[in-house]
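In the working numbering, the protein residues as written are 40 to 97.
Comments concern the structure below.
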Amino acid sequence: MKPTKPLTTPELEAWENSRNLEAELLESVRQMIARKGRVVFSPNTSIKKKSTNNNSVA
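What follows is the structure in structure tokens.
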């Protein structure tokens, strides 16, 4: 994914004003209910999760 520069204040305000938060939240809930959601782990979390799983095998 190519890094992008931050939005300027006017660009950010325009983007926020164009969003329909109610629709976004409803869609998120529908995806969670349908188990279509994704879990995204940061690299640090992934490493911690792997090390925890390996240590718990007894």
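All C-beta atoms in this analysis are idealised placements derived from N, C-alpha and C, irrespective of residue type, glycine included.
From a predicted model like this one, the values you see are computed outputs, not experimental measurements.
Which residues bound the alpha helix (DSSP H) around residue i?
{"i": "S81", "result": "Segment: none, S81 is in no alpha helix (DSSP H) and carries neither H nor E."}
{"i": "T47", "result": "No alpha helix (DSSP H) contains T47, which DSSP labels as neither H nor E."}
What would DSSP say about residue i, mapped onto helix, strand or coil?
{"i": "A73", "result": "coil"}
{"i": "N56", "result": "helix"}
Identify which residue in the options has its Cα closest to the Cα of residue i.
{"i": "G12", "options": "I86, L64, P82 and T84", "result": "Because the chain spans 40 through 97 in this model, residue 12 falls outside it and cannot be assessed."}
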